[in-house]
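Q: Here this note's numbering runs 298 ahead of the position in the sequence shown, where the first position is 1.
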Amino acid sequence: MTDHINNINALILIGGKSLRMGTDKSKLVYHNKPQIDFVFETLKTVINANNIFFSTRDLSQIKNKSVITDNYINHGPFGAILSAFEFDSSKAWLVIAIDLPYVDDNLLRLLIEKRKPSKIATTFKGINKDFPEPLITIWEPKSFKLLQNALKKDNFSLISILKNNEIEIIKIDDKLIQNINTKNEFDSINKHR
299 MTDHINNINA LILIGGKSLR MGTDKSKLVY HNKPQIDFVF ETLKTVINAN
349 NIFFSTRDLS QIKNKSVITD NYINHGPFGA ILSAFEFDSS KAWLVIAIDL
399 PYVDDNLLRL LIEKRKPSKI ATTFKGINKD FPEPLITIWE PKSFKLLQNA
449 LKKDNFSLIS ILKNNEIEII KIDDKLIQNI NTKNEFDSIN KHR
């Protein structure tokens with residue numbers, strides 16, 4: 299696994315508006331600390347801290363950490379990932395959204411161990427889902443060209459890009475890649491911990 303760690307950057311997506319949640323999702327506490335700190339510390343167990351970056355518009359959220367500016371405002375995670383490849387297209391990008399509270403170091407290790415650099419991406423798919431989860435995915439350097447072409451066609455759907463190209467899929471329990479978007483979902487998780 300060491301070889302994989304050396305050629306992967308990580309991008310933590312925290313730039314969303316959190317409208318449905320009504321509060322900044324990066325500051326929510328699931329593991330006795332703000333989610334932004336938990337995700338960063340968890341990534342550090344599998345990727346060198348110097349290779350971990352944040353995508354956000356609010357720089358006050360990040361202290362002493364590396365930020366990649368999203369060059370494509372209003373394009374959602376698609377724009378953040380494209381911006382990451384514009385920053386460094388020589389390495390793969392392990393992309394993780396801030397609102398995935400069940401992701402832990404074991405899940406990240408599984409993603410890295412199952413990685414297939416010959417494909418455009420390695421991703422998870424919930425066993426009861428019809429689509430892969432693009433926001434906990436290793437995007438290979440070869441996907442950069444696909445993202446650029448999708449931009450030209452105004453196709454910003456990461457799911458569509460994954461579904462229409464050769465990817466490595468790891469099937470897992472839906473809960474492990476469940477994103478939390480509302481206060482009710484957040485309260486439900488904390489009630490069952």
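All residues carry an ideal CB built from backbone N, CA and C; glycine is no exception. Computed from a predicted model, the values in this text were never measured in an experiment.
For residue 411 versus residue 423, is the C-beta distance shorter than 8 Å?
A: Within the sequence shown, residue 411 is the residue found at index 113, counting from 1. Within the sequence shown, residue 423 is the residue found at index 125, counting from 1. No, the pair does not count as a contact, with Cβ atoms beyond the cut-off.
Q: Is it buried or exposed for residue 413, if we count other Cβ within 10 angstroms and need 16 for buried?
A: Translated into positions along the sequence shown, residue 413 becomes position 115. Residue 413 counts as buried, since at least 16 other C-beta atoms from the protein chains shown sit within 10 angstroms of its C-beta.
Q: In the DSSP assignment, what are the bridge partners of residue 306?
A: Numbered from its first residue, the sequence shown carries residue 306 at position 8. DSSP output for residue 306 lists 390 as bridge partner(s).
Q: From the DSSP output, read off the bridge partner residues of residue 353.
A: Mapped onto the sequence shown, residue 353 falls at position 55. Its beta-bridge partners are 311.
Q: Are any of the Cβ atoms in chain B nearer than 8 Å to that of residue 339?
A: Although the question refers to chain B, the structure presented lacks it and comprises just one protein chain.
Q: I think residue 374 touches residue 454, with their Cβ atoms under 8 Å apart; what is that distance to the nearest whole Å?
A: In the sequence shown, the residue the question calls residue 374 occupies position 76. In the sequence shown, the residue the question calls residue 454 occupies position 156. Between residue 454 and residue 374 the Cβ distance is about 6 Å, and since that is below 8 Å, they are a contact.
Q: Any contact between the segment 387 to 400 and the segment 318 to 332? By contact I mean 3 or more CB pairs, one from each, below 8 Å.
A: yes
Q: Tell me, please, which residues DSSP counts as bridged to residue 454.
A: Counting from 1 along the sequence shown, the entry for residue 454 is found at position 156. None, per the DSSP bridge assignment.
Q: Which residue marks the beginning of the alpha helix (DSSP H) containing residue 501, and which one marks its end?
A: In the structure as shown, the chain begins at 299 and stops at 491. Residue 501 is therefore absent and cannot be evaluated.
Q: Which residue wins for smallest C-alpha separation from residue 442, given the options 338, 328 and 377?
A: Working through the sequence shown from its first residue, we reach residue 442 at position 144. Minimum Cα distance to residue 442 is reached at 377.
Q: Please work out which residues of its chain come closer than 6 Å, Cβ to Cβ, to residue 351, disregarding the five sequence neighbours upstream and downstream, and give them in chain order.
A: Here residue 351 is taken as the residue at index 53 of the sequence shown, counted from 1. Once the five neighbours on either side are set aside, the close Cβ partners of residue 351 are 309, 364 and 366.
Q: So, with DSSP's three-state summary, where would you put residue 398?
A: Working through the sequence shown from its first residue, we reach residue 398 at position 100. Looking at residue 398 - three-state DSSP - the assignment turns out to be coil, as it is neither helix nor strand.
Q: Who pairs with residue 422 in a beta bridge, going by DSSP?
A: Residue mapping note: residue 422 aligns to position 124 of the sequence shown, counting from 1. Looking at the DSSP assignment, residue 422 forms a beta bridge with 431 and 468.
Q: Between which two residues does the alpha helix (DSSP H) harbouring residue 438 extend?
A: Here residue 438 is taken as the residue at index 140 of the sequence shown, counted from 1. Neither: residue 438 is in no alpha helix (DSSP H) and is coded neither H nor E.
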